[in-house]
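J.: Those protein sequence lines, which keep their order, are chains A and B. Start counting the first sequence at 1; every next residue gets the next number (the numbering used here). Start counting the second sequence at 258; every next residue gets the next number (the numbering used here). Note that the Cβ used here is the ideal one computed from N, Cα and C, for glycine as well. Model, not experiment: these values are computed from the prediction. Questions regarding the structure given below will be posed in turn.
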Amino acid sequence: MQGFNLLKANIRMEYIEYKRYLPNTIAMLLTFYIIFIGMFAGIQLIGDPTTQDSNVQFVIVNYIFWYLAMIVVNAIGWQITNEATQGTLEQLSMSPMGIWRIMLARLISSTIVSFLIIVALLYLSMLTTGQWLNIDIITILPILILTLISMFGLGFIIAGLSVVLKQIQAFLQILQFILAGLTFVPLTVAPFLAYFPFVKGVDLVRAVMIDGVTLSQIRMEDFMILGFNAVFYFFIGLGIFLLCERVAMKKGLLAHY
Amino acid sequence: MDRVETIIEVQNLKKSYRKRKSKEYIHAVTDVSFKVNQGEIVGLLGPNGAGKTTTIKMICGLLIPDSGTITINGINNQEKRLKALRHISAVLEGNRNLYWRLTVRENLEYFAGNRGASRKEVAQQVDELLETFRLQEKASELVNRLSRGMQQKLAIAVAMLADSDVILLDEPTLGLDVETSYEVRDLLRSIANDYNRTIIISSHDMDVIQDICERTVIINGGKIVTDDKVDNLLRLFEVRAYTITLGGVLSEKQQKLLKLTFPGAEYKEDINQSSVGVDLEKSEAIYDLFDIFKLEETPVESIDRKSINFEEIFMKIVKGEMDDARVQSS
Ligand SMILES: Nc1ncnc2c1ncn2[C@@H]1O[C@H](COP(=O)(O)OP(=O)(O)O)[C@@H](O)[C@H]1O
Ligand SMILES: [Mg+2]
């Protein structure tokens, strides 16, 4: 029950921020949309006309996932940096729930609240390009959930590093491009990337949305990798976060003055 | 079981910080031990850099001590950190521990939510607190539009909402104007009386501590210098300090004699009047003083106990003058 209240409080906070700073929210969406238009135009200008349709579809899926990764992984880094400077991180650290539960609640809430935006972005990009993807919810959902769990793990790692390192901002800027790289590089180019946090998930979602693969057609092996990644990255991430929290409590880094 | 229950016990705390980009250490807290009983209001008094904030943050579980233990309600706060945190809430230094982009009410609800309480559960308490802290009219105002004093009151309200046994406040009146400072002090006193919470307040301002606390732990250079009732400290010094008003001025000979017998005496001269301020280690010494006046038949107009303020006491204690006083009083 306490955990549920914690989640509710954070969902509400997330929602209030989006609503109160609506112009910011819209500006952010617009930026993403313009980046997408740019990629779309690029494909039409220089891409091979025979593969154009599949290239556009490829870009749509990747870019939606890039947005998701930014919301989950990058945003928490910025949030922590700000809160450590503001002083609220110390206040949160005194919660008997434990700061990691609060962070998990935040990761989940930002995913839930931004989901509407993601769906809007998806339909907007399909409408712009006239490429309609296969939205097979039953197949996408389990893949998406497992992928998100590994993303949360990555989010925890970034959150932990942001607590300990005062100069994390520069890295967070670069991280945006690393995340883009992870979502845009096809697995066929670099098979070992399957064991990176969410690459396998994006690959499978592409198979569903572009090639129309259904749940029964996905190999058990693929789900195993997905499941393994989810568990592995989540616990590694949590472990690193707890370690960073401890270092911060030893060195007095919960507030960056 | 004892009637007076110890709620916080701090034993031999030690904490050093590594200086940035060097191998040197700053010994912020070198040896701090004290106990706080249920319902007590204790002041942690010391000059800037004494180690007050460091001590408070260790009690709040925000800093891990290098050595030493802290027990809260019998729970060791390093072994069972989260369990210990249930009994504690704090207002840390400054006005920056609130969400400036949320309203007053949203801040209260969000922090309560992060402790696992639902909005419904705390609704009544939030209303009560808003009333007590006279913040009802500002309930829907964004925190960044509030005055510094109101932000501080809200921060205290957030700590109150946690419903913990102990509340720690680090420099609660720092940066407030005089009027607001008094309002916050009143508020803290009423919290202590009406809600029966245990309160620990740190300050470098003796006036604040004297005003609110029953007992004070004085800390300097990372060590406890003294731990006593505020009243005791005041009395201890008050009895020995006198101001004697004279109906004339002292001759040079008298002045020399005064200096010789009472090196610390303060002599002030007016036209047809003068005054002598003196600390009398032993009350019999007052006869020696009178002998000096009698020499030239200088009339004594009045003898007043000098109202020594807490600041002077504090300076004396910190300077180490306490040692002999302690021997006397025990
Ligand atoms: N995070 C920190 N890193 C390095 N030194 C610190 C840190 N926090 C406090 N100090 C140093 O430790 C000493 C005690 O500080 P503090 O506990 O804040 O004292 P007070 O609250 O009594 O003013 C000071 O010399 C201060 O400069
Ligand atoms: Mg301080």
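1. The region 78-110 of chain A: which residues have C-beta closer than 7 Å to a C-beta of chain B, in chain order?
2. With distances taken Cα to Cα, identify the nearest neighbour of B:GLY331 among B:THR389, B:GLN295 and B:VAL533.
3. Decide if A:ARG206 is buried, meaning its Cβ has at least 16 other Cβ atoms within 10 Å, or exposed.
4. On a Cα-Cα basis, can you pick out the residue from B:ARG472, B:PHE519, B:SER273 and B:LEU503 that is closest to B:PHE550?
5. Can you find the residues in the same chain that come closer than 7 Å, C-beta to C-beta, to B:GLY303, ignoring five residues on each side of it along the sequence?
6. For ligand 1, I want to know if B:PHE285 counts as a neighbour, meaning its beta carbon is within less than 7 Å of at least one of the ligand's heavy atoms.
7. Hey, out of B:GLU297, B:THR311, B:LYS278 and B:ARG275, whose CA is closest to B:ASP288's CA?
8. Of the residues that make up the region 148-160 of chain A, which ones have a beta carbon closer than 9 Å to any beta carbon in chain B?
9. Any C-beta of chain A sitting closer than 8 Å to the C-beta of B:ARG583?
10. Take B:ILE300 as the anchor and find which of B:GLU509, B:ASP485, B:LEU537 and B:VAL506 has the nearest alpha-carbon.
11. Do the CB positions of A:ASN10 and A:ALA105 come within less than 8 Å of each other?
12. Strictly by DSSP, which residues pair up with B:SER273?
13. Under 7 Å: does the beta carbon of B:GLY306 sit that close to some heavy atom of ligand 1?
14. Since I believe B:THR430 is in contact with B:VAL465 (beta carbons under 8 Å), could you give me their beta-carbon distance rounded to a whole number of angstroms?
15. Could you round the C-beta distance between B:LEU425 and B:CYS317 to whole angstroms and report it? I think they count as a contact, below 8 Å.
16. At which residues does the beta strand (DSSP E) containing B:LYS480 begin and terminate?
17. Could you name the residues of chain B that A:GLN2 contacts, counting a contact when the two beta carbons are closer than 7 Å?
18. By a C-beta neighbour count over all protein chains shown, 10 Å radius and 16 as the cutoff for buried, is A:TYR67 buried or exposed?
19. For the region 195-213 of chain A and the region 147-166 of chain A, state whether three or more C-beta atom pairs, one from each stretch, are separated by less than 8 Å.
20. Can you tell which of B:ILE264, B:SER459, B:THR263 and B:ILE321 has the C-alpha that lies nearest to the C-alpha of B:LYS271?
21. Considering only heavy atoms of ligand 2, does any lie closer than 7 Å to the CB of A:THR313?
22. Please report the straight-line C-alpha distance between A:ASP53 and A:GLN44, rounded to a whole angstrom.
23. B:ASN269 versus chain A: which residues are under 7 Å apart at the beta carbon?
24. Can you check whether the CB of B:ILE313 is closer than 8 Å to the CB of B:SER404?
25. According to DSSP, what are the bridge partners of B:GLU526?
26. Out of A:GLN86, A:LYS8 and A:ILE60, which has the shortest C-alpha to C-alpha gap to A:LEU121?
27. Verify the contact flag: A:GLU90, CB atom, against every heavy atom of ligand 2, threshold strictly below 7 Å.
28. Can the beta-carbon of A:GLY181 be found closer than 8 Å to that of A:ILE76?
29. What's the call for B:ASN269, buried or exposed, on a 16-neighbour Cβ count within 10 Å?
30. Using 7 Å as the cut-off, classify the Cβ of B:ASP488 as near or not near the heavy atoms of ligand 2, replying yes or no.
31. Would you please verify whether the beta carbon of B:ASN354 is less than 8 Å from any beta carbon of chain A?
32. State yes or no: is the C-beta of B:ASP427 nearer than 7 Å to some heavy atom of ligand 2?
33. Looking at the unbroken alpha helix (DSSP H) that takes in B:LEU367, where does it start and where does it end?
34. List the residues of chain B that A:ASN5 touches, going by C-beta distances under 7 Å, in chain order.
35. Using alpha carbons as the reference points, say which of B:ASP384, B:ASP422, B:LYS510 and B:LEU342 lies closest to B:ILE264.
36. Is it right to say A:LYS200 is buried, meaning 16 or more other beta carbons lie within 10 angstroms of its own, or is it exposed?
T.: This is what the structure gives:
1. Within the region 78-110 of chain A, the qualifying residues are GLN86, GLY87, THR88, GLU90, GLN91, LEU92, SER93, MET94, SER95, PRO96, MET97, GLY98 and ILE102.
2. The residue labelled residue 331 of chain B in the question sits at position 74 within the second sequence. Selected option, being the one with the closest Cα: B:GLN295.
3. Walking along the first sequence from the start, residue 206 of chain A turns up at place 206. Looking at its Cβ environment, which holds 16 or more other Cβ atoms inside 10 Å, A:ARG206 is buried.
4. Stepping through the second sequence from its first residue, residue 550 of chain B is reached at position 293. Among B:ARG472, B:PHE519, B:SER273 and B:LEU503, the Cα nearest to that of B:PHE550 is on B:LEU503.
5. As a first step, residue 303 of chain B must be located in the second sequence, where it is residue number 46. Hits under 7 Å: LYS309, HIS461, ILE475, ILE476 and ASN477.
6. The count along the second sequence starts at 1 and reaches residue 285 of chain B at position 28. As written in the sequence, residue 285 of chain B is Ala, which differs from the Phe given in the question. B:ALA285 Cβ: within cutoff of ligand 1.
7. The residue labelled residue 288 of chain B in the question sits at position 31 within the second sequence. When each option's Cα is compared against that of B:ASP288, the closest is B:THR311.
8. Hits within the stretch: zero.
9. Here residue 583 of chain B corresponds to residue number 326 of the second sequence, with the count starting at 1. In this prediction, B:ARG583 scores a pLDDT of 45, lower than 50, which makes its location untrustworthy; the coordinate-derived value is nonetheless stated afterwards. Output row for B:ARG583: interface = no.
10. Taking the second sequence and counting its residues from 1, one reaches residue 300 of chain B at position 43. Position check: residue 300 of chain B holds Gly in this sequence, whereas Ile was assumed. Distance check between B:GLY300 and each of B:GLU509, B:ASP485, B:LEU537 and B:VAL506 places B:ASP485 closest, using alpha-carbon atoms only.
11. Here residue 10 of chain A corresponds to residue number 10 of the first sequence, with the count starting at 1. Here residue 105 of chain A corresponds to residue number 105 of the first sequence, with the count starting at 1. In this structure, A:ASN10 lies near A:ALA105, with their beta-carbon atoms less than 8 Å apart.
12. Mapped onto the second sequence, residue 273 of chain B falls at position 16. Beta-bridge pairing by DSSP links B:SER273 to B:HIS284.
13. For the purposes of this step, residue 306 of chain B is taken as the residue at position 49 of the second sequence. True, at least one ligand heavy atom lies under 7 Å from that Cβ.
14. For the purposes of this step, residue 465 of chain B is identified with residue 208 of the second sequence, where counting begins at 1. For the purposes of this step, residue 430 of chain B is identified with residue 173 of the second sequence, where counting begins at 1. B:THR430 and B:VAL465 do touch by the CB rule: their CB atoms are close to 5 Å apart, below 8 Å.
15. In the second sequence, the residue the question calls residue 425 of chain B occupies position 168. In the second sequence, the residue the question calls residue 317 of chain B occupies position 60. About 6 Å; that satisfies the 8 Å criterion.
16. Translated into positions along the second sequence, residue 480 of chain B becomes position 223. Run containing B:LYS480: 480-486, per the beta strand (DSSP E) assignment.
17. Residue 2 of chain A sits at position 2 when you count from the first residue of the first sequence. Those are GLY373, listed as they occur along chain B.
18. Within the first sequence, numbered from 1, the residue matching residue 67 of chain A stands at position 67. It counts as buried.
19. Between the region 195-213 of chain A and the region 147-166 of chain A there are three or more C-beta pairs closer than 8 Å, enough to call the two in contact.
20. Position 14 of the second sequence, counted from the first residue, corresponds to residue 271 of chain B. Of the candidates B:ILE264, B:SER459, B:THR263 and B:ILE321, the one whose C-alpha sits nearest the C-alpha of B:LYS271 is B:ILE321.
21. The structure shown does not extend to residue 313 of chain A, since chain A is modelled only from 1 through 257, so no value can be given for it.
22. Residue 53 of chain A sits at position 53 when you count from the first residue of the first sequence. Residue 44 of chain A sits at position 44 when you count from the first residue of the first sequence. Distance between the alpha carbons of A:ASP53 and A:GLN44: 10 Å.
23. Translated into the one-based positions of the second sequence, residue 269 of chain B becomes position 12. Within chain A, no residue comes near B:ASN269; the closest Cβ sits about 18 Å away, beyond 7 Å.
24. Working through the second sequence from its first residue, we reach residue 404 of chain B at position 147. Working through the second sequence from its first residue, we reach residue 313 of chain B at position 56. No, these two residues do not count as a Cβ contact at 8 Å.
25. Translated into positions along the second sequence, residue 526 of chain B becomes position 269. B:GLU526 is bridged to B:SER531.
26. Translated into the one-based positions of the first sequence, residue 121 of chain A becomes position 121. With distances taken between Cα atoms, A:LEU121 lies closest to A:ILE60.
27. Locating residue 90 of chain A in the first sequence gives position 90, counting from the first residue. Flag unset: Cβ of A:GLU90 not near ligand 2.
28. In the first sequence, counting from the first residue as 1, residue 181 of chain A sits at position 181. In the first sequence, counting from the first residue as 1, residue 76 of chain A sits at position 76. Result no, Cβ atoms of A:GLY181 and A:ILE76 do not sit closer than 8 Å.
29. Numbered from 1 along the second sequence, position 12 holds the residue referred to as residue 269 of chain B. Using a 10 angstroms sphere on the CB of B:ASN269, the tally of other CB atoms stays under 16, which defines it as exposed.
30. Along the second sequence, read from residue 1 onward, the residue named residue 488 of chain B stands at position 231. For B:ASP488, the shortest separation between its Cβ and any heavy atom of ligand 2 does not lie below 7 Å.
31. The residue labelled residue 354 of chain B in the question sits at position 97 within the second sequence. At least one CB of chain A lies nearer than 8 Å to the CB of B:ASN354.
32. By one-based count along the second sequence, residue 427 of chain B stands at place 170. Answer for B:ASP427: yes, Cβ within range of ligand 2.
33. On the second sequence, residue 367 of chain B is found 110 positions in, with the first residue counted as 1. The amino acid at residue 367 of chain B is misidentified as Leu; the sequence shows Tyr. 361-371 is the span of the alpha helix (DSSP H), which, as asked, contains B:TYR367.
34. Within the first sequence, the letter at position 5 stands for residue 5 of chain A. Simply GLY370, GLY373, ALA374 and SER375.
35. In the second sequence, residue 264 of chain B corresponds to position 7, counting from 1. With distances taken between Cα atoms, B:ILE264 lies closest to B:ASP422.
36. For the purposes of this step, residue 200 of chain A is identified with residue 200 of the first sequence, where counting begins at 1. Classification for A:LYS200: buried.
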